[in-house]
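**Student:**
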Amino acid sequence: MQDAGVNRILNHIMAQRPSLFNYGSILPATNPRPICREIHTVPQVVQANNPLISRTDPLSIIRTPITLDYIIQLTRGTIDFFPGSAFSLPPELDPPLKEQQFAVNFKVCTSLICQPWNSILPFASSGKKEEGDIDCFCLNLFATGGFGIAGIPGKQNISMNISGIEIPELNLESLEKMIGCYALLTLNQGIFPQIMDAISALAFNAINLPKSMGSLIISASATAPHNPAVEDSQLKVFANLDSITFNLLPSEPTPSEKKSAGAVTRISRPRNRKGTFDFNAAVSAAAFEKIFTAIVKGFRFSKSGTDSYGPFSVNYDVVAHFEGGSLEMRDDGTIVIKELDVKWDEFKLSIGINIPKLCVGGGEVCLMPPYPSCNVPVVGCRDCVALPSYCFFSDSPDITVPIDLSESITSEVTFNARVEAFYGVYSGTPNRWQIVAIPTLPSDLHVTGIADTVGDLFKNRVKGSIDNLLSSSKAPDWAINLIYEILGGIDNIIRNILNIPEDIGKWFIDMIHKIGITKNLSEKSCCSECYPCAC
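Under this note's numbering, the first residue of the sequence shown is numbered 629, with each subsequent residue one higher.
#1: By Cβ distance below 8 Å, which residues in the same chain neighbour residue 967 in space, the five residues on each side in sequence not counted?
#2: Do residue 1020 and residue 986 have their beta-carbon atoms positioned less than 8 Å apart in this structure?
#3: Leaving aside the five residues before and after residue 1024 along the sequence, list all residues of the same chain whose C-beta is less than 7 Å from its C-beta, in chain order.
#4: Within the same chain, show all residues whose beta-carbon is closer than 7 Å to that of residue 1142, passing over the 5 residues directly before and after it, in chain order.
#5: Using only the alpha-carbon positions, how far apart do residue 971 and residue 1137 sit?
#6: Pull up the distance between the alpha-carbon of residue 670 and that of residue 643, whole angstroms please.
#7: Could you work out which residue in 904, 876, 840 and 942 is closest to residue 634 when comparing CA atoms only?
#8: Going by DSSP, what residue range makes up the beta strand (DSSP E) through residue 949?
#9: Going by DSSP, what residue range makes up the alpha helix (DSSP H) through residue 1166?
#10: With residue 1034 as the anchor, note down where its alpha helix (DSSP H) starts and where it stops.
#11: Could you tell me how far apart the beta carbons of residue 867 and residue 832 are, in whole angstroms, since I believe they sit closer than 8 Å?
#12: What's the gap between the Cα of residue 805 and the Cα of residue 704?
#13: Name the residue from 764, 678, 825 and 639 whose alpha carbon lies nearest to the alpha carbon of residue 663.
#14: When we look at the beta-carbon of residue 646 and count the other beta-carbons within 10 Å, is it buried (16 or more) or exposed?
#15: Starting from the Cα of residue 685, find the closest Cα among 679, 691, 699 and 676 and give me that residue.
#16: By DSSP, does residue 992 sit in helix, in strand, or in coil?
#17: Measure the Cβ-Cβ separation of residue 786 and residue 847 and say whether it is below 8 Å.
#18: Hey, could you find the ends of the beta strand (DSSP E) residue 827 is sitting in?
#19: Along the chain, where does the beta strand (DSSP E) containing residue 862 start, and where does it finish?
#20: State the DSSP-derived secondary structure class of residue 1128, mapped to helix, strand or coil.
#21: Using 10 angstroms around the beta-carbon of residue 675, count the other beta-carbons present and answer buried if the total reaches 16, otherwise exposed.
#22: Use the C-beta contact count for residue 1011: other C-beta atoms within 10 angstroms, 16 or more gives buried, fewer gives exposed.
#23: For residue 1028 and residue 1095, what's the separation of their Cα atoms in angstroms?
#24: Expressed to the nearest angstrom, what Euclidean distance is found between the alpha-carbon atoms of residue 715 and residue 778?
#25: Is the Cβ-Cβ distance between residue 1118 and residue 1090 less than 8 Å?
#26: Give the straight-line distance between the Cα atoms of residue 865 and residue 963, rounded to the nearest whole angstrom.
#27: Beta-carbon within less than 6 Å of residue 747's beta-carbon, same chain only, minus the 5 sequence neighbours each way: which residues are those?
#28: Output needed for residue 1074: all residues of its chain with C-beta closer than 6 Å, excluding positions within five of it in sequence on either side, in chain order.
Quick look at the structure:
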């Protein structure tokens, strides 16, 4: 965090919200003339008719009905981190600025607007304040101090403590002591705690995980020589990632959620100025490893669906988790995930198979010649009998073959990506910055192997399904036996009728890739929009 960046933000706020830095009773709040210093603001404040001065109650004169109007203005506020370059310290604070120290300079002007208590129109507005309108008393306050860490891990804050304060150019020693004491308490107990609460939240609570998604504990490092460190014109805070757990079960949003959430528009916002950044954040390789390990432990994938593979219909129910894997952070700003194993807790398929329709029997037989054929006209057969016909495999699908690959399949994920920052614009939700892993190569999930027993298991299941179909058909044995002869055994069914190759395991691997199970898991494992917080 650069001191120049803090000062720049303060100047922007002073110009855009002047009422936060200017306070007065009814007269200065409604009349632009009786003020100590001209208020510089942006045109939008005036156009929106926003107040320049926050209105307060006038100051009562004790035991009288008389009140005095007054004005208090913070006209300058500057912070300077070691080694100190924004302003010069007064001699009383022993310049130059010491190591690991910061300095602040505030200029506050105030005035009691003294005039007859029974005046109805005390000031006629003439626009800008003119010199001599009111007598103002201005304090040019300097203070030095340091930062610290307070609290226990999980509930820590960065503290900002003043150790020295000086108000130069005041001749009244007693007034300086009273004002200095008041200013010391105001800064240490009032102003700085609120500022440091915001900075502490940025340092220790920048990532808020929903309870349903996991937990994250960050604490201040106890091994850094100075923490917080004030050096190189920066305030530096060093934090440890003590623990992180995830419970990641990506799921498809419902149609109503899609409609309400809308699409995420990622905007790359280039810098509009050069030089150092106002805020910098760095994550060590060890912390990245912890995050990766937590994702691996907490990731769960579950999906059910129906698809087709050539002439086959496929219903599937799968559940998977990750194990192992390694994370490599390269000098070109990319990350590589290798050897990340996919363990299938459940991988059940139900394959619908259509067999070409087969019919046996049928036709006519002549019982009373002279001619044996029933088709000879005029003098043909005098008594023809129609033979029964039996047809099989006319449904769709004819048979359904269940097969469980849960313990028979091995898979592995590979992933190459670079980390980038985007400004995400959401429909119906607050906009926010995102840190996203963008794939540099297509991420992929490879089915690296399938058990040899799967082929025999599949053939047995197909044969059993055909046997059950034929035995339940109520056809005579001769018709069933004839169908078996036509089919030619299970190997002929698999190879020639269903056109399944000899390597049934490879056929299953190709089917798994084609129906999209592995693609869906691969996309979910690296998707930056599948979880409540951006990847």
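Ideal Cβ placement from N, Cα and C applies to all residues, glycine included. All values reported here derive from a predicted model rather than from experimental measurement.
**Tutor:** Taking the structure as given:
#1: Sequence index remark: in the sequence shown, residue 967 carries index 339 (1-based). Shown here for residue 967: same chain residues with a beta carbon closer than 8 Å to its own, the five before and five after excluded, namely 952, 953, 954 and 1040 in chain order.
#2: As a position in the sequence shown, residue 986 is number 358, starting the count at 1. As a position in the sequence shown, residue 1020 is number 392, starting the count at 1. The answer is yes: Cβ separation under 8 Å.
#3: One-based indexing of the sequence shown puts residue 1024 at position 396. Here the set comprises 982.
#4: Within the sequence shown, the letter at position 514 stands for residue 1142. 937, listed in sequence order.
#5: The sequence position of residue 971 within the sequence shown is 343, counting from 1. The sequence position of residue 1137 within the sequence shown is 509, counting from 1. One C-alpha to the other measures close to 15 Å.
#6: Reading the sequence shown from its first residue, position 42 is the one you call residue 670. Reading the sequence shown from its first residue, position 15 is the one you call residue 643. In a straight line, the C-alpha of residue 670 is about 6 Å away from that of residue 643.
#7: The residue given as residue 634 occupies position 6 in the sequence shown. Just measuring C-alpha positions, the residue of 904, 876, 840 and 942 sitting nearest residue 634 is 904.
#8: Working through the sequence shown from its first residue, we reach residue 949 at position 321. Secondary structure note for residue 949: its beta strand (DSSP E) is the uninterrupted segment 940-957.
#9: Absent from the structure is residue 1166, since the part of the chain shown begins at 629 and ends at 1163.
#10: The residue labelled residue 1034 in the question sits at position 406 within the sequence shown. No residue range can be given for residue 1034, since it is assigned to no alpha helix (DSSP H) and is classified by DSSP as neither H nor E.
#11: Residue mapping note: residue 867 aligns to position 239 of the sequence shown, counting from 1. Residue mapping note: residue 832 aligns to position 204 of the sequence shown, counting from 1. Right, their Cβ atoms sit about 6 Å apart.
#12: Walking along the sequence shown from the start, residue 805 turns up at place 177. Walking along the sequence shown from the start, residue 704 turns up at place 76. Cα to Cα, the separation comes out at about 22 Å.
#13: For the purposes of this step, residue 663 is identified with residue 35 of the sequence shown, where counting begins at 1. When each option's Cα is compared against that of residue 663, the closest is 764.
#14: Within the sequence shown, residue 646 is the residue found at index 18, counting from 1. Under the 10 Å beta carbon count, residue 646 is surrounded by 16 or more other beta carbons and is classified as buried.
#15: Mapped onto the sequence shown, residue 685 falls at position 57. Of the candidates 679, 691, 699 and 676, the one whose C-alpha sits nearest the C-alpha of residue 685 is 699.
#16: Position 364 of the sequence shown, counted from the first residue, corresponds to residue 992. DSSP places residue 992 in strand when its eight states are reduced to three.
#17: In the sequence shown, residue 786 corresponds to position 158, counting from 1. In the sequence shown, residue 847 corresponds to position 219, counting from 1. For the pair residue 786 and residue 847, the CB atoms are not nearer than the 8 Å cut-off.
#18: Along the sequence shown, one-based indexing puts residue 827 at 199. From DSSP, residue 827 is part of no beta strand (DSSP E) but of the alpha helix (DSSP H) over 820-832.
#19: The sequence position of residue 862 within the sequence shown is 234, counting from 1. Unbroken beta strand (DSSP E) run through residue 862: 862-864.
#20: As a position in the sequence shown, residue 1128 is number 500, starting the count at 1. Three-state DSSP puts residue 1128 in coil, outside helix and strand.
#21: Position 47 of the sequence shown, counted from the first residue, corresponds to residue 675. Exposed.
#22: The count along the sequence shown starts at 1 and reaches residue 1011 at position 383. Exposed.
#23: Counting from 1 along the sequence shown, the entry for residue 1028 is found at position 400. Counting from 1 along the sequence shown, the entry for residue 1095 is found at position 467. Residue 1028 and residue 1095 have their C-alpha atoms roughly 12 Å apart.
#24: By one-based count along the sequence shown, residue 715 stands at place 87. By one-based count along the sequence shown, residue 778 stands at place 150. Pairing residue 715 with residue 778, the inter-Cα distance amounts to about 29 Å.
#25: Within the sequence shown, residue 1118 is the residue found at index 490, counting from 1. Within the sequence shown, residue 1090 is the residue found at index 462, counting from 1. The answer is yes: Cβ separation under 8 Å.
#26: To locate residue 865, count along the sequence shown from 1; it is residue 237. To locate residue 963, count along the sequence shown from 1; it is residue 335. Taking the CA atoms as reference points, residue 865 sits about 25 Å from residue 963.
#27: Looking up residue 747 in the sequence shown gives position 119. Here residue 747 scores only 38 on pLDDT, less than 50, and its place in the model should not be relied on; the value that follows carries that caveat. Answer for residue 747: no residue qualifies.
#28: By 1-based counting over the sequence shown, the position of residue 1074 is 446. Non-local C-beta neighbours of residue 1074 in its own chain, meaning closer than 6 Å and more than five positions away in sequence, comprise 1040, ordered along the chain.
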